[in-house]
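Here my numbering = 1-based position in the sequence shown + 44.
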Amino acid sequence: MSKILTVYFSIKGQTIGPGMTITNQEKGNTAMAAEFIRNAVGGDLFEIEAAKVYPEDHMELIDIAKKELNSHTRVEVKNYPDNFVKYDTVFFGYPNWWNTMPMVMFTFLEHYDWTGKRLIPFCTSEGSGFGLSIEDIKSTAKNADVKEGISLKGSQVKNMESKISDWAKGQI
Numbered sequence: 045m046s047k048i049l050t051v052y053f054s055i056k057g058q059t060i061g062p063g064m065t066i067t068n069q070e071k072g073n074t075a076m077a078a079e080f081i082r083n084a085v086g087g088d089l090f091e092i093e094a095a096k097v098y099p100e101d102h103m104e105l106i107d108i109a110k111k112e113l114n115s116h117t118r119v120e121v122k123n124y125p126d127n128f129v130k131y132d133t134v135f136f137g138y139p140n141w142w143n144t145m146p147m148v149m150f151t152f153l154e155h156y157d158w159t160g161k162r163l164i165p166f167c168t169s170e171g172s173g174f175g176l177s178i179e180d181i182k183s184t185a186k187n188a189d190v191k192e193g194i195s196l197k198g199s200q201v202k203n204m205e206s207k208i209s210d211w212a213k214g215q216i
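This is how it looks when you write it as structure tokens:
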């Protein structure tokens with residue numbers, strides 16, 4: 045039986061909601077999806093946190109995210125999961141920021157040797173899907189067996205538990 049870890053980066057507070065309006069939520073969309081996955085397939089759950097604090101204002105956040113991407117900034121990860129080597133299947137979740145994953149996710153991927161690990165991406169956005177993130181994952185997590193992931197419309201995640209659970213179970 046595989047040893048499963050679901051890791052994710054998510055922002056709570058202001059986000060883009062239905063109709064591209066700014067909404068406020070106590071739990072981020074990617075966090076909700078990660079919890080649905082872990083509940084469906086078991087294993088451990090780990091939230092990737094940036095060592096820096098992002099602004100609560102969504103428009104400020106996306107401006108900073110764009111600057112980080114354009115300068116190839118490697119945002120420091122606050123902490124890493126214990127005993128990462130014991131996991132062979134990693135569900136890997138993030139919001140789509142500027143057509144790829146947040147820069148903290150690059151830092152996380154670069155921290156590990158992915159040889160022998162299945163990496164299963166899941167992404168939230170309001171319509172841009174994975175963008176270039178799958179290619180970025182493959183080039184950053186060298187030697188990982190990157191599987192086909194799932195892209196989720198962020199504002200609909202809270203109503204998609206059965207779809208997300210069924211998809212996750214199909215990956216195991």
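Just so it is clear, CB atoms sit at the ideal spot from N, CA and C, and this is done for glycine as well.
Unbroken beta strand (DSSP E) run spanning residue i, endpoints
i    : result
Q69  : 66 to 69
E79  : Where E79 is concerned, there is no enclosing beta strand (DSSP E), although the alpha helix (DSSP H) it sits in stretches over 73 to 85.
D88  : 88 to 91
K197 : 194 to 197
Alpha-carbon to alpha-carbon, residue j and residue i
i    : j    : result
Y98  : K130 : 31 Å
I66  : S172 : 17 Å
I164 : E192 : 7 Å
E79  : K47  : 16 Å
Y124 : A75  : 17 Å
A95  : R118 : 11 Å
Unbroken alpha helix (DSSP H) run spanning residue i, endpoints
i    : result
K111 : 102 to 114
Helix, strand or coil at residue i [DSSP, three-state]
i    : result
W211 : helix
F152 : helix
D180 : helix
V129 : helix
Residue i classed as buried or exposed, judged by whether at least 16 other C-beta atoms fall within 10 angstroms
i   : result
G72 : buried
Q: Taking 8 Å as the threshold, find out whether the stretch 144 to 163 comes into contact with the stretch 173 to 184 through three or more Cβ pairs.
A: Yes: the two stretches touch, three or more of their Cβ pairs being nearer than 8 Å.
Q.
With three or more C-beta pairs closer than 8 Å as the rule, is the stretch 153 to 164 touching the stretch 122 to 136?
A. They touch, by the three-pair rule.
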